[in-house]
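A quick write-up on the structure given underneath.
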Amino acid sequence: MKKHSLALLACLVFAFFAIPSAFPQATDWTKIAIPPLPAFHPQQPKRIELANGMIIFLQEDHELPLIDGSMRIRGGSISEPANKIGMLDLYGEVWRNGGTKSQTGDQLDDFLEARAAKVETNNAPDSTSISFSCLKEDFDDVFKIFNDLLRAPEFRADKLDLAQKEMNDAISRRNDDASGIAQRESAKLAYGANNPYVRQAEYATVAAVTREDLVNWHKTHVYPNRIILGIVGDFDSGALEAKLRAAFGDWARGPDWTKPEIDFHSAKPGYYLVLKDDVNQSSIDMVELGIKRENPDYYATQVFNEAFGGGFSSRLFKSIRTAQGLAYGVGGGIGSSFDHPGVVRFQMGTKSVSTVDAINAIYKEIDDLPSHPITDEEIKNAKDSILNAFVFRFDSPAKILFEKMTYEFYGLPLDYLEHYQAAVEKVTKEQVAEAAAKYIHRDQLAVLVVGNTAEFGKPLTTLGSVTNIDITIPPPPSAASAEKAPTSSNPEGKALALKVAQALGGLDKIKTVKSVHTVLAENEANGSPVPIDVTIVYPDKMHVSIPIATGTITVIVTPTLGMMSAEGGGIKDLSDSQKKENSEQIRRDLLFLAQHADDPAFIFAANGSEKIGNVDAAIVDVSGAGVTMRWYVDPSNGRVLSETYTAMGQSGPFQGQTDLSDWTTTEGITLPGTHTNKQDGKVSSVVKTTSIQFNPKIDPKLFDKPVGDGKPAQ
Amino acid sequence: MKSRQLAFFTLFLATTTFCAAQDLASFEKRITVKKLPNGLTVLVCERPEAPVFSFFTQVDVGSVQDPQGETGLAHMFEHMAFKGTDKIGTKNYPAEKLALEKVEKIYAQYIYERDKRVGRDDQKVKGLEAAWKAAMKDAQQYVIPNQFPQIIESNGGEGMNASTSYDQTEYFYSFPENRLELWAYLESERFLHPVMREFYTERNVVIEERRMRTDSNPIGRLLEQFTTAAFQAHPYHRPTIGWMPDLNTFSATDASNFFRKYYIPSNMVVAVVGDVKTSTTIPLLEKYFGRIPSQETPDERTTTEPPQNSERRVVLQEQSQPLYLEGYHRPDYRSADDAVYDAIADLMSNGRTSRLYRSLVRDKKIASDSAGFTGLPGNKYPHLFAFYAFPMPGHTTTEMADAIHSEIERLKTEDISDEELKMIKTRAKANLLRSLGNNEGLASELTLFQTRYGDWRELFHAVDRIDKVSKADIRRVAQQTFVATNRTVGVIETATPAKGDSTQGGAQ
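Chains as they are written, first to last, in this note's numbering: chain A, 10 to 723; chain B, 244 to 751.
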């Protein structure tokens with residue numbers, strides 16, 4: 010151990026005097042000399058403007074034998090049509106994977122990977138981009154591919170199909186993770202659900218995109234006067250400039266890009282809830298509209314953000330994480346974007362039970378601001394933190410290049426960084442307090458909670474009225490089109506419907522059935538049979554009870570009620586989508602639909618035939634009472650062999666199919682004794698009828714909400 | 244910029260391929276390693292590109308060293324290393340020290356009573372819990388919250404953070420170069436005089452981290468169950484974040500004991516990379532880090548995982564979309580075949596030419612993503628080589644398993660092509676090259692290789708080892724490793740709607 014360390018000596022001296030002292034003292038780290046940072050004038054990229062308007066930045070960096078480049082082109086997903094959301098995501102993928110006129114994407118993959126090189130395309134709300142990275146020695150080969158993709162992309166259809174499948178997969182997974190849901194839904198609250206910066210792709214909008222759309226986008230957007238190209242690496246600027254001029258110099262200018270007019274309408278203030286019952290931590294986001302970068306208060310907000318919700322030493326971190334232990338991640342501030350408003354956002358994750366307390370803890374920090382504005386000391390620390398770390402904005406040639414490209418893109422002066430530093434230095438305490446008051450409105454915040462309400466310590470309603478957000482994923486059009494609602498009956502369809510009714514026992518006979526009581530045995534894909542007791546009163550009441558180990562689960566759906574209860578547990582309201590799904594189940598019932606075989610309000614349209622097993626089954630598209638489905642009818646006997654429909658599962662809609670078999674006659678009515686249910690082609694359950702009773706005696710209280718059974722869920 | 248003339252400028256004049264040896268020669272000139280008398284290794288790498296530097300402190304201790312019943316402790320200490328010292332973060336250390344000792348005394352009594360198997364007195368538990376909380380409140384009056392990180396932040400610290408894994412704990416950030424001595428002071432003090440202040444509030448923060456990463460995330464839940472199943476004897480079977488009951492039990496005293504036992508100079512490598520002069524930096528490092536007293540190396544024996552002799556399966560019924568994961572036991576990173584596993588991972592997973600992408604995503608269109616990777620959950624001890632696939636809508640995890648297995652079968656029965664082998668080797672070299680261009684990345688890699696091999700040069704030699712991999716090696720290692728009895732499978736299945744609703748819904 011070294012005894013003569015200056016630091017150690019200083020610390021002993023200090024300790025000697027400090028012990029009796031109760032107030033904070035300068036300690037030894039403050040005595041460590043901090044010499045001035047040597048003047049640093051990093052090399053700036055060379056800016057070239059071609060006659061056709063293309064801007065090029067060249068930044069030499071000879072440390073490693075690599076060359077990297079990126080081209081940003083104006084126009085992106087904020088300009089895509091509302092019925093084709095996701096088009097630019099597909100464009101960004103298929104631009105590269107779809108290959109060039111002369112080479113497929115797969116051939117490009119082989120060529121580039123053999124050289125450990127990359128050429129990639131991408132998209133953003135206001136731009137698209139194409140970039141490359143390669144060893145210096147491969148530059149000419151790689152640049153040729155880059156240029157081919159830029160000028161002659163092919164957007165091959167097989168890669169569009171693959172990209173659409175991948176996007177559908179992403180859509181199907183988007184509700185799997187609570188923090189992802191919070192991020193997405195809070196952005197929609199801040200900007201408005203249909204705002205082009207935050208609207209989301211759906212199965213239908215993805216399916217609507219064609220190869221033509223991608224080809225047209227490219228044709229109408231990729232012009233040299235909309236392009237900023239930056240290249241960094243081990244090259245000679247003069248020689249490279251000559252190459253680039255040769256490659257792009259004669260490319261004709263196109264019309265300039267016009268940014269679309271975009272409205273920003275935050276959701277109305279209040280509380281918004283996404284129920285997620287497989288988590289034990291709530292994701293909380295409190296948002297309202299923020300500011301644009303050009304706002305003169307921007308620098309004051311930068312200082313405020315650092316002090317209030319930035320790093321370890323910010324108020325939110327100190328209070329909510331360090332002092333109260335309520336969250337691992339917490340932070341936020343007044344957000345800004347270059348050319349559109351950013352988002353004021355406060356964000357954290359806290360255990361379900363402390364959800365309301367954690368929201369109140371953020372409120373408290375906001376409420377304290379007028380009476381305890383950010384202090385001189387906090388301002389000093391925040392400014393020090395921003396200014397001392399400033400050098401990291403330009404500590405590599407590549408970072409400098411990308412900063413310049415960004416300023417060029419948004420029309421800021423290229424020496425913006427130097428302005429920034431001076432402007433932050435000048436920010437006063439008053440300006441910080443004013444900015445906080447001007448841009449953070451406690452009563453304007455939309456507060457989103459993604460969480461498990463059953464575990465909340467206090468219901469969210471103790472804070473105010475709560476709006477439930479239904480995040481159910483709208484069904485894929487493939488499913489919808491499979492049983493696309495027919496617009497009118499045709500004679501063949503009506504005849505088949507009557508034949509189906511006849512096979513069930515005759516139209517008059519089945520019309521006498523107003524209600525059914527059935528006991529079923531359900532076998533899940535891998536489980537033992539579960540008895541299910543179902544009473545249905547057509548067209549809109551259903552009572553289901555299922556015995557499980559801990560008691561009985563009851564589900565009741567009527568036009569005014571949708572609930573589920575568990576013995577000894579609680580009562581939970583079904584979500585809107587669950588309610589809708591259950592009530593549609595009643596009306597998808599074969600008996601119910603067949604009762605309407607001669608009802609002009611119901612549509613039965615014959616639509617060709619398809620092999621089901623050995624039978625050439627007649628297809629009948631059925632629509633009425635708010636449901637749409639497809640029957641596959643055995644034309645020889647009128648039996649419905651299979652039904653397809655779109656149903657709502659826990660993780661979104663799925664393509665449902667039910668195969669009907671074991672036809673059995675009870676009281677003169679012939680119904681299938683076995684229902685084999687499939688989801689997206691996979692058997693999910695087999696349901697066998699144990700007993701069936703038509704027009705049973707029904708307890709009038711059967712469809713009433715049970716009372717006094719456990720605590721109500723929220 | 245200086246390095247250019249020395250190493251790189253001539254590199255491409257003569258040849259179309261570069262070689263790692265030449266990079267190594269350049270770094271030899273710029274890197275100095277010194278083992279201090281107390282056993283701590285310091286490493287300085289001059290990279291005068293901009294007036295900044297980055298550092299990594301690599302501590303050769305991870306959650307594998309968590310004591311029995313105290314899982315999560317290595318990670319907990321990492322959090323505590325931001326709480327300051329006896330000089331930073333306190334208004335009056337002597338008084339605070341006494342107050343913290345009192346907290347520990349009462350907490351020990353509280354836990355003793357709380358966890359009594361027989362004869363627990365609930366009133367007493369309540370009383371002790373209240374007394375413990377009162378003692379914490381008393382100790383809190385001496386605290387200057389977050390002063391340690393605040394000093395770093397206001398001095399321009401960039402990317403300040405730390406991480407704990409099964410194998411190691413790392414501390415890192417970057418500073419403007421004029422803060423080198425301040426950094427050396429702060430970083431050495433944090434390991435000379437750590438103070439376990441605000442321990443139990445920070446423990447709640449860590450518990451929230453567990454809720455976020457593991458409990459509330461279906462993939463987090465799968466990985467925890469999967470790893471637990473794959474390892475039965477070796478401490479890899481315990482999560483780094485810690486089991487909830489342990490998190491609710493271990494104490495600041497436990498964390499101090501852990502620190503004293505494992506945070507010893509011989510377990511630490513500190514690297515500084517950036518615009519620094521070796522001639523002045525080494526003495527500075529000696530001055531500050533030399534103060535940490537040397538200690539005897541602790542007994543770090545662990546149980547070696549015995550061979551697995553039957554397949555294990557973990558199936559999670561979740562509300563989320565399906566996922567397939569499988570892992571096979573393989574030897575640790577010192578194995579002669581380590582580079583062969585790296586080559587297999589690259590072949591199977593890297594980019595759009597990878598076998599799993601081409602088969603499962605591009606051609607069969609049954610998965611949106613699929614890859615194989617090594618190092619699960621760490622690589623210091625024998626670990627897993629794993630494969631995963633995310634099924635596209637309408638496809639099953641069984642299809643994923645079948646498709647992955649047929650690709651594995653190809654590895655075992657057919658030689659990979661010349662093009663593939665060349666591609667793997669070219670990419671290994673290029674990846675190394677791309678990793679050399681930034682201070683943080685270099686500091687991280689250099690400390691890791693110095694720790695694992697006792698020589699940072701292994702970072703460059705690793706590429707040479709990949710260069711020696713043959714087609715026969717790949718077949719042999721695939722045949723040895725990817726066999727059913729050596730496999731653990733982890734699956735997320737989407738719970739069927741109706742009954743999932745019923746059982747998880749209102750009945751809370």
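Every residue gets a Cβ at the ideal spot worked out from N, C-alpha and C, and that includes glycine.
Check                                                                                                                                          : Outcome
Closer than 8 angstroms to chain A by CB, residue 751 (chain B)                                                                                : With a pLDDT of only 28 at residue 751 (chain B), under 50, the local geometry of the prediction cannot be trusted, and the value read off the model is given with reservation. Judged by the 8 angstroms Cβ criterion, residue 751 (chain B) is in contact with chain A.
Residues that residue 330 (chain A) contacts on chain B, provided the C-beta gap is smaller than 7 angstroms                                   : 448
Contact the segment 346 to 360 of chain A vs the segment 286 to 298 of chain A: 3+ CB pairs below 8 angstroms                                  : yes
Proximity to residue 215 (chain A) [Cα-Cα], best of A:546, A:453, A:255, A:89                                                                  : A:89
Secondary structure of residue 361 (chain B), DSSP reduced to three states                                                                     : coil
Residue 398 (chain B) - DSSP class collapsed to helix/strand/coil                                                                              : coil
Coil, strand or helix - residue 764 (chain B) by DSSP                                                                                          : The structure shown does not extend to residue 764 (chain B), since chain B is modelled only from 244 to 751, so the question has no answer here.
Neighbourhood of residue 110 (chain A) by C-beta distance below 6 angstroms, restricted to the same chain and skipping five residues each side : 161, 163
Same chain only: Cβ atoms within 8 angstroms of residue 329 (chain B), ignoring 5 sequence neighbours per side                                 : 336, 340, 436, 438
The segment 36 to 65 of chain A: positions lying closer than 8 angstroms to chain B by Cβ                                                      : 36, 37, 38, 41, 42, 43, 44, 45, 46, 47, 49, 51
Straight-line gap, residue 71 (chain A) to residue 284 (chain A) (C-alpha atoms, nearest Å)                                                    : 54 angstroms
Cβ of residue 182 (chain A) within 8 angstroms of any chain B Cβ                                                                               : yes
Exposure of residue 79 (chain A), with buried meaning 16 or more beta-carbon neighbours within 10 Å                                            : buried
Where residue 359 (chain A) meets chain B, residues with beta-carbon distance less than 7 angstroms                                            : 451
Beta strand (DSSP E) runs contained entirely in the segment 118 to 144 of chain A, provided each spans 3 or more residues                      : 127 to 132, 136 to 144
Runs of alpha helix (DSSP H) lying entirely within the segment 658 to 740 of chain B, each at least 4 residues, in chain order                 : 661 to 678, 682 to 696, 701 to 710, 714 to 724
Any chain B beta carbon closer than 8 angstroms to residue 79 (chain A)                                                                        : no
Other residues of its chain near residue 489 (chain A): CB distance less than 7 angstroms, five sequence neighbours each side excluded         : Its pLDDT being 48, under 50, residue 489 (chain A) is placed unreliably in this model, and the value from its coordinates should be taken loosely. Cβ neighbours of residue 489 (chain A) beyond the five flanking positions: 655.
Residue range of the unbroken beta strand (DSSP E) whose run includes residue 69 (chain A)                                                     : 64 to 69
Short CB-CB distance (under 8 angstroms) between residue 666 (chain B) and chain A                                                             : yes
Residue interval of the alpha helix (DSSP H) (run including residue 695 (chain A))                                                             : First-last for residue 695 (chain A): 691 to 703, but that is the beta strand (DSSP E), not the alpha helix (DSSP H).
Contacts of residue 175 (chain A) in chain B (Cβ-Cβ under 7 angstroms)                                                                         : 611
DSSP state of residue 58 (chain A) mapped onto helix, strand, coil                                                                             : strand
Backbone CA spacing between residue 734 (chain B) and residue 566 (chain B) [nearest angstrom]                                                 : 6 angstroms
Per-residue DSSP class, three states only, for residue 592 (chain A)                                                                           : helix
Residue-chain proximity (residue 490 (chain A), chain B), Cβ-Cβ < 8 angstroms                                                                  : Below a pLDDT of 50, predicted positions are generally treated as unreliable, and residue 490 (chain A), at 49, falls in that range; the measurement from the model is reported next regardless. False, the Cβ-Cβ gap to chain B never drops below 8 angstroms.
Through-space distance from residue 470 (chain B) to residue 620 (chain B), alpha-carbon basis                                                 : 7 angstroms
Any C-beta of chain B under 8 angstroms from that of residue 372 (chain A)                                                                     : no
Proximal residues of chain A, C-beta to C-beta of residue 680 (chain B) below 8 angstroms                                                      : 72, 73, 75, 405
Near-chain A residues of the segment 455 to 481 of chain B (beta-carbon distance less than 7 angstroms), N- to C-terminal order                : 455, 458, 459, 460, 461
Residue from B:586, B:624, B:613 with nearest C-alpha to residue 630 (chain B)                                                                 : B:613
Euclidean distance between Cα positions of residue 369 (chain A) and residue 495 (chain A)                                                     : 53 angstroms
For residue 290 (chain A), the three-state DSSP class (helix, strand or coil)                                                                  : strand
Helix, strand or coil at residue 626 (chain B) according to DSSP, with G and I counted as helix                                                : strand
Residue 559 (chain A), buried or exposed, once every other Cβ within 10 Å from all chains shown has been counted against 16                    : exposed
Runs of alpha helix (DSSP H) lying entirely within the segment 337 to 407 of chain A, each at least 4 residues, in chain order                 : 364 to 380, 385 to 397
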